[in-house]
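One structure below.
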Amino acid sequence: MNATNEKATLSFSDGTPAIELPIYKGVVGPDVIDIRKLYGQTGKFTYDPGFMSTASCNSKITYIDGDKGELLYRGYQIQDLATNCDFLESCYLLLKGELPNATQKKEFDDLVMHHTMVHEQMQFFLRGFRRDAHPVAVLTGLVGGMAAFYHDGLDINDAHQREVSQIRLIAKMPTLVAMAYKYSVGQPMIYPKNNLSYTANFMQMMFATPCEEYKVNEVLVRALDRIFILHADHEQNASTSTVRLAGSSGTNPFAAIAAGVACLWGPAHGGANEACLQMLEEIQANGGVEKIDDFIAKVKDKNSGVRLMGFGHRVYKNFDPRAKLMRETCYEVLKELGLENDPLFKLAMTLEKIALEDEYFVSRKLYPNVDFYSGIVQRALGIPTEMFTCIFALARTVGWISQWEEMITDSEYKIGRPRQLFVGSPTRTGTPGANITCGVPTGLVNPAASISVTSRETI
Ligand code: CMC
């Protein structure tokens with residue numbers, strides 16, 4: 000890290016002596032104040048739930064300028080990568096720091112495409128899930144389950160084993176996602192075809208059946224490949240921070256990535272495009288474009304709990320650059336499929352226009368994010384809504400694993416262990432267990448809880 004001569008002085012009104020804190024400069028972006036010695040020197044913690052002002056690590060991978068609406072992978076603009084590269088080139092870049100030359104690209108593509116099959120027994124593991132389970136629940140289990148099938152890549156202190164696990168994750172994630180999908184619709188699993196491109200292979204595993212030949216449509220493959228590139232990494236977002244935190248305990252990469260998938264599921268993060276499409280479908284069902292004003296009024300009413308999904312971002316306070324590219328892709332896909340008059344697309348464009356001119360959204364700097372249009376594209380490609388987060392997880396796996404590798408190889412890496420501002424009860428007096436009435440043996444229960452009898456039946 001670049002230390003500067005600048006220091007921050009922190010003074011206190013309670014008599015604690017003032018201290019000086021070092022300041023580090025990023026290559027671009029805000030400086031950071033190093034507070035690591037704060038507790039040791041003052042006995043105080045900082046308080047920043049939601050990490051509004053906290054850099055949790057230093058990183059060389061992805062940079063976002065939220066005010067400019069800029070996203071860089073290893074220094075390259077997302078627009079350039081999405082226009083000129085394929086997904087596996089972006090993976091190489093994120094993992095290794097440089098774009099591959101022609102030989103490196105061929106070797107990397109071959110390596111990934113020859114590790115696409117999963118252990119046959121994973122199919123039996125898959126069958127343990129209910130058919131109506133949400134595919135993200137299934138995927139979380141399958142990814143975590145990889146640790147039980149690929150033991151020879153679990154030593155995180157061995158660089159070769161880490162690399163083997165990274166390639167396995169990137170290569171097998173499409174297979175696992177397609178397996179989760181086929182299982183949910185009761186169709187036979189389709190094995191990978193390694194002579195296809197990464198994304199074409201994924202599409203054939205999703206949409207082929209053993210009964211007929213699957214025809215690859217290059218426009219649609221390119222659209223999905225672009226979705227993968229746009230979702231490949233996004234700095235220290237919630238799921239990436241989850242992967243880093245889980246991985247900081249020294250757990251294996253499959254367990255850490257499974258934690259990332261679980262976190263991604265939430266509607267404020269990877270579940271947003273699913274929620275966005277549901278929102279559009281609901282508006283459409285209730286009267287369509289005519290009802291947009293009513294919907295916007297509901298969004299502005301703080302008591303309604305309704306948000307305009309696909310709008311707003313913690314970091315982008317200007318247009319999300321991914322949203323522009325996604326809108327462009329949306330046009331291309333709908334044109335290719337003859338769906339230019341798709342009512343949901345028209346509804347989305349009208350909703351976007353109205354929101355962008357509305358004082359509520361303008362004053363809060365709420366712009367469309369990548370998820371506003373990605374749901375429409377995926378729906379047009381034939382991907383069911385409940386699979387959207389799985390697609391996001393597939394694409395983000397390379398970002399997660401690159402960030403995990405960066406953390407493991409950082410000489411300053413420590414287990415993540417946040418502290419807290421405790422606002423609960425101080426030490427209490429009294430006899431633990433005296434109030435418990437449900438007949439559960441007192442030695443087995445939390446003495447502070449007053450347990451109701453129903454807890455037994457509902458467990
Ligand atoms: N609709 C209506 N109001 C909103 C929205 C929205 N989508 N997003 C933020 N606001 C309002 C919010 O009510 C608050 O208003 P006020 O200042 O009057 O209380 C203000 O804007 C700031 O919101 P916040 O919740 O404090 O902002 P945040 O940075 O914590 O939340 C967000 C960011 C993405 C969770 C939020 O904008 C949101 O819930 N958006 C909808 C969900 C969504 O599209 N998520 C996908 C994010 S992009 C994919 C990814 O990178 O993971």
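So the sequence shown is numbered by numbering that gives the first Met the number 0: it starts at 0 and just counts up by one.
Backbone N, C-alpha and C fix where the C-beta goes; we use that ideal spot for every residue, glycine too.
A quick note: this is a predicted structure, and the numbers were derived from the prediction, not measured.
Can you tell me which residues form a DSSP beta bridge with residue i?
i, result
"Asn-1", "Lys-24"
"Ala-7", "Leu-20"
"Val-31", "Tyr-23"
"Gln-40", "BP columns for Gln-40 are empty, so no partner."
"Glu-211", "Thr-208"
"Gln-76", "Leu-71"
Please state whether DSSP places residue i in a helix, a strand or coil.
i, result
"Pro-367", "strand"
"Thr-426", "coil"
"Gln-160", "helix"
"Phe-318", "coil"
"Phe-310", "strand"
"Glu-88", "helix"
"Ile-414", "coil"
"Glu-119", "coil"
"Asp-151", "helix"
"Leu-195", "coil"
"Asp-293", "helix"
"Tyr-259", "Note that residue 259 is Gly in the sequence shown, not Tyr. In the structure shown, Gly-259 sits in a helix (DSSP, three-state: H, G or I)."
"Cys-329", "helix"
"Gly-470", "Outside the displayed span of the chain (0 to 458) sits residue 470, for which this structure offers no information."
"His-230", "coil"
"Ser-401", "helix"
"Asp-224", "helix"
"Glu-97", "coil"
"Thr-396", "helix"
"Tyr-190", "coil"
"Glu-335", "helix"
"Ser-183", "helix"
"Gln-419", "coil"
"Val-218", "helix"
"Asn-476", "Residue 476 lies beyond the range of the chain shown here (0 to 458); nothing can be said about it."
"Pro-440", "Because the pLDDT of Pro-440 is 48, which lies under 50, any placement of that residue in the model is unreliable, and the number read from its coordinates should be weighed accordingly. Note: Pro-440 maps to coil in three-state DSSP."
Starting from residue i, trace the beta strand (DSSP E) in both directions and tell me its first and last residue.
i, result
"Phe-64", "Residue 64 is actually Asp in this sequence, not Phe. Unbroken beta strand (DSSP E) run through Asp-64: 61-64."
Whole angstroms is fine: what's the gap from residue i's alpha carbon to residue j's?
i, j, result
"Phe-360", "Ala-354", "6 Å"
"Asp-151", "Leu-393", "22 Å"
"Gln-160", "Pro-431", "49 Å"
"Pro-21", "Gly-28", "17 Å"
"Ala-202", "Lys-24", "It should be pointed out that residue 202 corresponds to Met in this sequence rather than to Ala. For Met-202 and Lys-24, the distance between alpha carbons rounds to 44 Å."
"Ser-449", "Asn-368", "Legend: pLDDT at Ser-449 = 46, less than 50; position of this residue unreliable, value from coordinates given subsequently. Their Cα atoms are separated by approximately 45 Å."
"Glu-335", "Asn-83", "20 Å"
"Met-116", "Phe-227", "20 Å"
"Ala-257", "Thr-102", "32 Å"
"Asp-292", "Ser-89", "40 Å"
"Lys-95", "Pro-425", "50 Å"
"Arg-126", "Glu-211", "25 Å"
"Lys-290", "Ala-284", "10 Å"
"Phe-253", "Asp-357", "44 Å"
"Leu-37", "Ala-231", "35 Å"
"Gln-12", "Gly-42", "Note that residue 12 corresponds to Ser in the displayed sequence, not to Gln. Their backbone Cα atoms lie some 14 Å apart in a straight line."
"Gly-429", "Glu-351", "59 Å"
"Asp-109", "Met-308", "39 Å"
"Arg-167", "Ser-240", "21 Å"
"Asn-272", "Gln-76", "23 Å"
"Asn-57", "Leu-93", "15 Å"
"Ser-52", "Asp-30", "11 Å"
"Asn-156", "Leu-333", "47 Å"
"Pro-134", "Met-121", "15 Å"
"Val-397", "Leu-223", "16 Å"
"Asp-199", "Ile-34", "A small correction: the amino acid at residue 199 is Ala; Asp does not occupy that position in the sequence shown. The straight-line gap from Cα to Cα measures roughly 48 Å."
"Asn-1", "Leu-9", "21 Å"
"Arg-221", "Ala-54", "35 Å"
Assuming residue i is part of the alpha helix (DSSP H), what are its boundary residues?
i, result
"Ala-70", "It is worth fixing the name first, because residue 70 is Leu in this sequence and not Ala. Leu-70 -> not in any alpha helix (DSSP H); beta strand (DSSP E) instead, spanning 69-72."
"Gly-503", "Residue 503 is absent from the structure shown; the chain starts at 0 and stops at 458."
"Cys-275", "271-284"
"Glu-385", "Here Glu-385 belongs to no alpha helix (DSSP H), and DSSP marks it neither H nor E."
"Val-242", "237-246"
"Glu-106", "101-112"
"Met-51", "First-last for Met-51: undefined, no H or E at that position."
"Lys-345", "342-355"
"Phe-360", "358-362"
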